[in-house]
Each structure stands twice: as structure tokens, then as C-alpha cells.
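Trainee: First the structure, then my questions, so here it is.
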Amino acid sequence: MKNKMTISVFAFAMALIFSGSSAIGQETASEKVKQLWATDPVFMVPESVFYDENNQVLYVANINGKPTDKDSNGFLSAMEPDGRITRLEWVAGLHAPKGMAMRGDRLFVADIDRVAEIDIPKRTVVKFYEADKAEFLNDCIIGDEGRVYITDMKTGAIYRITGGEIEEWLPAGTFDSPNGINYRDGYLYLGVNGKIISIDPTDKSQKVIAEFEGSVDGLEIDKSGNFIFSDWSGLVRRVSAGGKPEVLFDTTDEKINAADIHLMVDENILLVPTFFDNRVVAYQILK
Numbered sequence: 339m340k341n342k343m344t345i346s347v348f349a350f351a352m353a354l355i356f357s358g359s360s361a362i363g364q365e366t367a368s369e370k371v372k373q374l375w376a377t378d379p380v381f382m383v384p385e386s387v388f389y390d391e392n393n394q395v396l397y398v399a400n401i402n403g404k405p406t407d408k409d410s411n412g413f414l415s416a417m418e419p420d421g422r423i424t425r426l427e428w429v430a431g432l433h434a435p436k437g438m439a440m441r442g443d444r445l446f447v448a449d450i451d452r453v454a455e456i457d458i459p460k461r462t463v464v465k466f467y468e469a470d471k472a473e474f475l476n477d478c479i480i481g482d483e484g485r486v487y488i489t490d491m492k493t494g495a496i497y498r499i500t501g502g503e504i505e506e507w508l509p510a511g512t513f514d515s516p517n518g519i520n521y522r523d524g525y526l527y528l529g530v531n532g533k534i535i536s537i538d539p540t541d542k543s544q545k546v547i548a549e550f551e552g553s554v555d556g557l558e559i560d561k562s563g564n565f566i567f568s569d570w571s572g573l574v575r576r577v578s579a580g581g582k583p584e585v586l587f588d589t590t591d592e593k594i595n596a597a598d599i600h601l602m603v604d605e606n607i608l609l610v611p612t613f614f615d616n617r618v619v620a621y622q623i624l625k
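Under the working numbering, the first residue of the sequence shown is numbered 339, with each subsequent residue one higher.
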């Protein structure tokens with residue numbers, strides 16, 4: 339940087355990086371999505387976003403360190419649906435919080451080898467469900483009869499909270515890196531390496547719904563029953579049962595991650611935590 343032009347270009351680039359609404363969406367979004375907003379890079383390794391429709395709040399899980407460190411550094415943030423941050427540290431004292439699920443006024447958060455149950459109005463952890471054999475609890479969902487299902491990406495197990503207790507529902511080794519999990523019309527849907535699988539919670543039977551190259555971090559289902567899933571590297575795709583995935587957008591070249599995404603189903607707005615990029619970005623899915 340030895341001349342004014344170089345300095346000006348550098349200054350412009352830095353302005354884009356640190357602005358609240360960056361140009362990244364304009365560069366990466368296809369005709370299928372449009373960037374609505376992007377936060378400043380104020381989060382601390384945001385792994386997951388969850389939309390609380392009842393209270394019109396977005397919760398962001400900040401690892402704030404390494405994903406497996408039990409350091410009590412992790413915290414949750416609270417945001418408005420338009421991207422304005424209301425409380426950067428809404429709930430603190432977690433280790434490395436990841437996927438979230440909500441039942442009534444309680445928020446459940448996967449946290450390495452335990453699940454935190456948070457009283458939303460009080461902003462307080464009321465219980466930790468300790469899973470002694472778990473190693474990397476990652477995503478969770480509310481399923482049949484209000485049961486909470488949690489994936490363990492490292493051991494290949496699925497845990498379940500029912501009757502106030504946590505159990506290893508499907509044992510270690512059942513799946514290859516299970517991560518994103520969802521629930522629709524009586525079935526669980528699970529993202530593993532190269533596949534989306536349906537699971538009948540009544541008899542634990544499984545069926546492959548879609549196959550593809552790559553992995554699944556977040557897994558969402560739109561109004562039409564299509565699966566929208568992220569690959570942590572930055573690739574977000576959509577696929578119907580038995581179909582071929584289509585790319586919604588891809589930020590891998592920019593080295594911007596797409597971690598545990600969340601879909602605001604009625605609005606068809608996709609929320610993307612960018613992990614090491616430390617932002618949350620919202621996209622309107624156009625078609």
C-alpha cells in the first residue's frame with residue numbers, strides 16, 4: 339500500500355467488512371435469494387440462530403471459544419427480527435452453546451455434553467440435563483408430545499428428553515455425524531453426512547429422503563415440504579424428497595461459514611449464523 343489509490347481501495351474494503359449491511363449478500367446471492375440485512379461482526383463465534391415467534395425475538399448461540407471447551411464462556415444474544423441487537427449477553431454461563439429448540443416459555447440449548455433449559459421470561463437457566471456419554475451435542479428439536487431430541491455429532495447418537503430426564507434414545511454409532519434435526523407431521527428429519535433421513539419416533543424406523551455430496555449443519559423445512567440445509571463451509575441448498583439439491587447461495591469462496599441456519603417459515607426468511615465471521619445474515623428466499 340504505497341499510493342493513495344491502494345489506500346482508498348483498502349479503506350473501502352474495510353468499510354464494507356465492518357458495515358452493518360455488507361456487500362457479501364450482493365456478491366453471493368443467486369436469483370433465488372435476496373439479502374435483507376446483516377449485523378456487524380459483534381458476535382463471538384455464532385453457531386446457531388432461533389426465532390421465537392411468540393416474543394418476536396431472535397436468539398443467537400455464541401460459542402465464544404472452542405466448540406468443545408467447557409469454559410463457561412458461552413452465551414446467548416437477543417435480537418429483533420430486523421437484525422437490531424437488543425442484548426448481546428442475554429443469558430451467560432454456558433460452555434459452547436449450539437442448537438436451540440423452544441417449548442412454551444422454555445428454551446433448550448445443546449451445550450457439549452448437557453442441555454440447558456432456560457426460563458425465557460426470567461432469562462435464567464433452570465436446569466442442566468447432563469448426558470454422561472455425550473461428546474458433542476449439536477442440534478435439538480421439539481418432537482412428538484413435546485419431547486426434546488438432541489443430536490451428538492461425534493458419537494453418532496441421538497438423545498431424548500422426556501419426563502424431565504435425558505436418555506440415549508438411539509445409541510452411539512447409529513449415524514455418521516448427525517447434526518441438523520427437524521420435526522414435521524409426526525416424523526423426525528435428520529441431516530448426516532451426504533443424506534437426509536426420516537425417523538419414525540414410534541418405532542425408530544428410518545428412511546433415506548435425499549442423498550448428495552457434503553454434510554448438513556442446519557436443517558429446515560419450508561411450507562412446501564422442501565428441505566433447506568447448510569454445509570458449514572458456506573453452502574446452502576434446497577432439496578425435495580428424492581430430488582436433486584439446488585444451490586440457494588454459496589459463500590465458501592469468501593470463507594464465510596453457514597452454520598446452524600433457521601427458517602422463519604411464514605416469512606420465508608432464512609437466518610444464517612456465520613460462525614468465524616461473527617455475524618448473522620438474513621436472506622429472503624424469492625423462489
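We treat Cβ as the ideally placed atom computed from N, Cα and C, and that holds for glycine.
Suppose only complete runs of 4+ residues qualify. What are the alpha helix (DSSP H) ranges in the segment 429-456, listed by chain order?
Mentor: For the segment 429-456, not a single whole alpha helix (DSSP H) run of length 4 or above is found.
Trainee: What does DSSP give as the partner residues of Thr512 in its beta bridges?
Mentor: Paired residue(s): none; Thr512 is not in a bridge.
Trainee: Under a Cβ-count criterion, where at least 16 other Cβ atoms within 10 Å of its own Cβ denotes burial, should Gln373 be classed as buried or exposed?
Mentor: The residue is buried, with at least 16 neighbouring Cβ atoms inside 10 Å.
Trainee: Run through the segment 468-555 for me and flag every whole beta strand (DSSP E) of 3 or more residues, listed as ranges in chain order.
Mentor: 475-480, 486-490, 495-500, 503-508, 519-522, 525-530, 533-537 and 544-549, all fully within the segment 468-555.
Trainee: Comparing C-alpha positions only, which one of Val610, Lys625 and Leu624 sits nearest to Thr377?
Mentor: Considering only alpha carbons, the answer is Val610.
Trainee: Who are the near neighbours of Arg444 in its chain, counting only those whose CB is closer than 8 Å to its CB and skipping five residues on each side?
Mentor: Only Glu455, Ile456, Asp457, Ile458 and Val464 meet the Cβ criterion.
Trainee: How about Ser536 and Tyr521: do their beta carbons lie closer than 8 Å?
Mentor: For Ser536 and Tyr521, no; Cβs fall outside 8 Å.
Trainee: In three-state DSSP terms, what is Asp378?
Mentor: Residue state, collapsed to three classes: coil.
Trainee: For Asp569, name the three-state secondary structure that DSSP assigns.
Mentor: Looking at Asp569 - three-state DSSP - the assignment turns out to be strand.
Trainee: Check whether the segment 490-507 and the segment 413-428 are in contact - that is, three or more C-beta pairs closer than 8 Å.
Mentor: No: the two stretches stay apart, fewer than three of their Cβ pairs being nearer than 8 Å.
Trainee: Return the first residue and the last residue of the beta strand (DSSP E) that Pro384 is part of.
Mentor: Looking at the DSSP string, the run of the beta strand (DSSP E) that includes Pro384 is Pro384 to Asp390.
Trainee: For Val577, which beta-bridge partners are listed by DSSP?
Mentor: Paired residues: Phe565.
Trainee: Under a three-way DSSP split, which group does Asp588 fall into?
Mentor: Residue state, collapsed to three classes: strand.
Trainee: If I measure Cβ to Cβ from Val619 and keep anything under 6 Å in the same chain, skipping five residues before and after, which residues do I get?
Mentor: Closer than 6 Å at the Cβ level, and outside the excluded window around Val619, lie Ala376 and Val610.
Trainee: In angstroms with no decimal places, state the Cα-to-Cα distance between Val554 and Ile496.
Mentor: Using only the alpha carbons, I get a separation of about 15 Å.
Trainee: Between Ile547 and the rest of its own chain, which residues show a CB-CB distance below 8 Å, the 5 nearest in sequence each way excluded?
Mentor: Cβ within range, chain order: Tyr527, Lys533, Ile534, Ile535, Ser536, Phe565, Ala579 and Gly580.
Trainee: Give the DSSP bridge partners of Gly412, in chain order.
Mentor: Bridge partners of Gly412: Leu432.
Trainee: Note the first and the last residue of the continuous beta strand (DSSP E) segment covering Pro419.
Mentor: No beta strand (DSSP E) contains Pro419, which DSSP labels as neither H nor E.
Trainee: Could you tell me the distance, in whole angstroms, from the CA atom of Glu385 to the CA atom of Pro419?
Mentor: Distance between the alpha carbons of Glu385 and Pro419 is about 18 Å.
Trainee: Taking 8 Å as the cut-off, decide whether the C-beta atoms of Asp477 and Gly494 are in contact.
Mentor: In this structure, Gly494 does not lie closer than 8 Å to Asp477 by Cβ.
Trainee: Does DSSP classify Asp598 as helix, strand or coil?
Mentor: Three-state DSSP puts Asp598 in a strand.
Trainee: Measure the alpha-carbon distance for Glu473 versus Asp451 and round it to whole angstroms.
Mentor: Glu473 and Asp451: Cα-Cα distance of roughly 5 Å.
Trainee: Can you check which of these residues, Glu549, Lys561, Ala597 and Glu558, is closest to Gly572 by C-alpha distance?
Mentor: Comparing Cα positions, the closest option is Ala597.
Trainee: Using the Cβ count rule (16 or more neighbours within 10 Å means buried), how would you classify Arg576?
Mentor: With 16 or more other Cβ atoms within 10 Å, it is buried.
Trainee: Please list, in chain order, all residues of the same chain as Gly403 whose beta carbon is under 6 Å from its beta carbon, the five residues on each side excluded.
Mentor: Here the set comprises Asp409 and Asn411.
Trainee: Among Glu483, Ile488, Ala469 and Asn393, which one has its Cα closest to the Cα of Met438?
Mentor: Closest by alpha carbon: Ile488.
Trainee: Taking the beta carbon of Ser346 as the centre, do at least 16 other beta carbons fall within 10 Å, making it buried, or is it exposed?
Mentor: In this prediction, Ser346 has a pLDDT of 36, which is less than 50 and means its spatial position is unreliable; what the coordinates show is noted afterwards. The residue in question, Ser346, is exposed, as its Cβ has fewer than 16 Cβ neighbours within 10 Å.
Trainee: Roughly how many whole angstroms lie between the Cα atoms of Lys563 and Leu396?
Mentor: In the sequence as presented, Lys is not what sits at residue 563; that position holds Gly. Gly563 and Leu396: Cα-Cα distance of roughly 23 Å.
Trainee: Does the Cβ-Cβ distance between Asn616 and Met417 come in under 8 Å?
Mentor: Contact flag unset, no.
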